[in-house]
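Q:
Protein chains: 2
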Amino acid sequence: MTMKDFSVTFLGISAAIPAKNRNLSAQVVHYAGNVFLIDCGEGTQMQLKHYKIKTGKINHIFISHLHGDHFYGLIGLISTFHLMGRSAGLHIYGPEPLESVIRLQLDVSKTELRYPLFFHTVDPDRQSVVYEDHFMEVRSLPMIHRIPCTGFYFIEKPLNRRINLSAAAYHDVPVKAFESIKLGKDFVKDDGTVIANSVLTQEPAPARSYALCADTLYHEPVAQLIKGCDLMFHEATFMKDMENVAAEKMHSTAEQAAKIAVAAEAGQLVLGHFSARYENLLPLLEEATAVFSNSFLAEEGHTVMIKSGVKNS
Amino acid sequence: MTMKDFSVTFLGISAAIPAKNRNLSAQVVHYAGNVFLIDCGEGTQMQLKHYKIKTGKINHIFISHLHGDHFYGLIGLISTFHLMGRSAGLHIYGPEPLESVIRLQLDVSKTELRYPLFFHTVDPDRQSVVYEDHFMEVRSLPMIHRIPCTGFYFIEKPLNRRINLSAAAYHDVPVKAFESIKLGKDFVKDDGTVIANSVLTQEPAPARSYALCADTLYHEPVAQLIKGCDLMFHEATFMKDMENVAAEKMHSTAEQAAKIAVAAEAGQLVLGHFSARYENLLPLLEEATAVFSNSFLAEEGHTVMIKSGVKNS
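Protein chains in written order, with the working numbering: chain V, 1 to 313; chain P, 314 to 626.
1. With a threshold of 7 Å between beta-carbons, can residue 60 of chain V be considered close to chain A, or not?
2. Using the rule of at least 16 other Cβ atoms within 10 Å of the residue's Cβ for burial, across every protein chain shown, is residue 384 of chain P buried or exposed?
3. Chain P beta carbons: is any one of them nearer than 7 Å to that of residue 1 of chain V?
4. For residue 314 of chain P, which three-state DSSP category applies?
5. Please state the DSSP three-state secondary structure of residue 433 of chain P.
6. Measure from the alpha carbon of residue 109 of chain V to the alpha carbon of each residue in V/244, V/162, V/82, V/116, then state which is nearest.
7. Say whether the stretch 39-51 of chain V touches the stretch 261-275 of chain V, bearing in mind that this needs 3 or more beta-carbon pairs closer than 8 Å, one atom from each stretch.
8. On the criterion of 16 or more Cβ atoms from any shown chain inside 10 Å, does residue 170 of chain V qualify as buried, or is it exposed?
9. From the DSSP output, which residues share a beta bridge with residue 142 of chain V?
10. Taking a contact to mean a Cβ-Cβ separation below 7 Å, would you say residue 708 of chain P touches residue 524 of chain P in this structure?
11. Along the stretch 514-532 of chain P, what residues have a CB closer than 7 Å to any CB found in chain V?
12. Just verifying my parser: in three-state terms, what is the DSSP assignment at residue 416 of chain P?
13. Could one say the Cβ of residue 418 of chain P lies closer than 7 Å to chain V's Cβ atoms, at least one of them?
14. How many angstroms separate the CA atom of residue 466 of chain P from the CA atom of residue 441 of chain P?
15. For residue 93 of chain V, which three-state DSSP category applies?
16. Report the three-state DSSP secondary structure of residue 340 of chain P (helix, strand or coil).
17. In the DSSP assignment, what residue or residues form a beta bridge with residue 350 of chain P?
18. Are the C-beta of residue 83 of chain V and some C-beta of chain P separated by less than 7 Å?
19. Starting from the C-beta of residue 142 of chain V, find all residues in its chain whose C-beta is less than 7 Å away, skip the five residues before and the five after it, and write them out in chain order.
20. Quick test of the definition: if touching needs 3 or more C-beta pairs under 8 Å, does the stretch 294-306 of chain V touch the stretch 4-13 of chain V?
21. Ignore the nearest five residues each way along the sequence and tell me which others in residue 434 of chain P's own chain have a CB closer than 6 Å to its CB.
22. Pick helix, strand or coil for residue 328 of chain P, following the three-state DSSP scheme.
23. Under the rule that 16 or more other beta-carbon atoms within 10 Å means buried, what is residue 193 of chain V, buried or exposed?
24. What three-state label does DSSP hand residue 339 of chain V in the structure shown?
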């Protein structure tokens, strides 16, 4: 198995209401040609179009919670998929009432979708695997917010060992044997000679992970659930001088986001979900970097590669 | 009564799905400082912000029908009004199920609005007065579409006669008498002399009107309901070569829109609600002007004054 593309593109980084040049919550995780959409604020379909995201590759949509800035764009995207002639099923993961909201809106417009829609209820109270394929699993992350809310943790599955091609050539190993060697097996020649796996392979690349902490009160225990993640997104609605307001509204400050990154021993921290009151976001970044130096600001249209082995200095 | 501002600004002119540089249906009618919003496709709150429309002046929103491209932005606008601290009541006029769609979305986000929301059901089957104030009335216009749909007809009330100031000065008429003279009364001096109203006044400016025909099959009888309107908006989803598709989807072509304008003896015709398949809209305009010369294309952000006395040539 070669290293797959694994990255995230931010489409909307504004909290609650759209700000100047900042749209409502949405981001896409790319993994090996698949596109996973997480949250879908109003205008997300326009942002997907604007940034030329391949919407035909979106088969799974994750909704953190039912505040409007995180899902009011979902019904429009579902409708546009229908009007564009989509036939592939679409899976939606989120809080239980989401299905009734979507179905009602399809009903009143007398829309019978051309493609099947599958709703998967995410339990907001415990961490669980909500999606899984050959290469990746997605776990829910319970958040502490005014209404039930979860983050999502994308974890690459352990990768296969890597073939050492020159060693394989030297020992005359046929390519058809590579698959089992990658899984850790020794190679046995026709004459019975055993070539040890350790001779033929190298350690696999470390599996990578992306933890997306959605709207939440500062709550350090979440760090234990995402320990060692390579990239962590955390909401940073407010600055430190509004810590009381953040607590009251069950949001976090940029500094609190950084504290979670420290506790989680994350590789990098990306901040998002900024209050529209901040025109200049650099002061929020400064507050975070003072605590966790590998912090940066999410930027709309910007794609961040998820890399293993980045350590906070 | 002096002449009030009366104009319309287009915010979204794309049908069904957003097109390059074209947003989903929304327009605002300005009258004497009030702003009436008609339809509210996804992204309308961003368009209102972008074009600096005074959203605090929006107290009445009219929704033609419940296809998503005409109302999926309403819940976001309602939420943003709430988050921005609005206290004034908001009146919404539209099909009956709209209230349940909006209430459900407020419920699932546990939002208790800071301001009252009043829903007014519009009967899609007959023309009726849905809104009225001192200066203006708004009538519904039954459309023929796949689901219940109405247009809206904004009609200025008959204006008062205009004082001839030099005649008033000559006859020594005090200003406090002007109001009753404007209403058509004669002026009686203290010595009993009667100055006829016709001496003191001029004919009022003609009342103006704007007829907004929403999504509809070509249906000529609607022209009788808006006879003599000064400006008429009509959907023009398709070109003539797609007349069959238009009929099947219960939409109109640009040429059909122009035929309605002729039958209605409208002053001017503005075309909108264009299929995303047309990158260049000029061919649609050509098809319309061949039938009705005072035709033009709606442009996003563009404001059109509603003038009386414009005649199609």
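Just so you know, even glycine gets a beta-carbon here, dropped at the ideal spot from N, CA and C.
A: In short, the structure shows the following:
1. Structure shown: chain A not included; protein chains present are V and P.
2. Within 10 angstroms of the beta-carbon of residue 384 of chain P lie 16 or more other beta-carbons, which makes it buried.
3. Here residue 1 of chain V scores only 45 on pLDDT, less than 50, and its place in the model should not be relied on; the value that follows carries that caveat. Taking CB atoms only, residue 1 of chain V has no neighbour in chain P less than 7 Å away.
4. Interpretation of residue 314 of chain P is limited by its pLDDT of 45, a score under 50 that renders its predicted location unreliable; no figure is taken from the coordinates.
5. The answer is strand: DSSP assigns residue 433 of chain P an E or B state.
6. Residue 109 of chain V has its Cα closest to that of V/82, out of V/244, V/162, V/82, V/116.
7. They do not touch, by the three-pair rule.
8. Counting Cβ neighbours within 10 Å, residue 170 of chain V comes out exposed, since fewer than 16 surround it.
9. In the DSSP output, where bridge partners are listed per residue, residue 142 of chain V has V/150.
10. The structure shown has nothing for residue 708 of chain P, since chain P only spans 314 to 626.
11. Shown here is that no member of the stretch 514-532 of chain P has a Cβ falling below 7 Å from a Cβ of chain V.
12. DSSP, reduced to helix, strand and coil, places residue 416 of chain P within a helical segment of the structure shown.
13. Yes - at least one Cβ of chain V is within 7 Å of the one on residue 418 of chain P.
14. Pairing residue 466 of chain P with residue 441 of chain P, the inter-Cα distance amounts to about 10 Å.
15. Strand.
16. Three-state DSSP puts residue 340 of chain P in a strand.
17. For residue 350 of chain P, the beta-bridge partners assigned by DSSP are P/341, P/374.
18. Proximity of residue 83 of chain V to chain P, defined by a Cβ-Cβ separation below 7 Å, is satisfied.
19. So the qualifying residues of the chain are 124, 125, 126, 127, 150.
20. The way I'd put it, the stretch 294-306 of chain V does touch the stretch 4-13 of chain V; three or more beta-carbon pairs between them come closer than 8 Å.
21. Cβ neighbours of residue 434 of chain P beyond the five flanking positions: 409.
22. In the three-state reduction of the DSSP assignment, residue 328 of chain P falls in the coil class, being assigned neither a helical nor a strand state.
23. Under this definition residue 193 of chain V is an exposed residue.
24. Residue 339 of chain V lies beyond the residue range present for chain V, which begins at 1 and ends at 313; the question has no answer from this structure.
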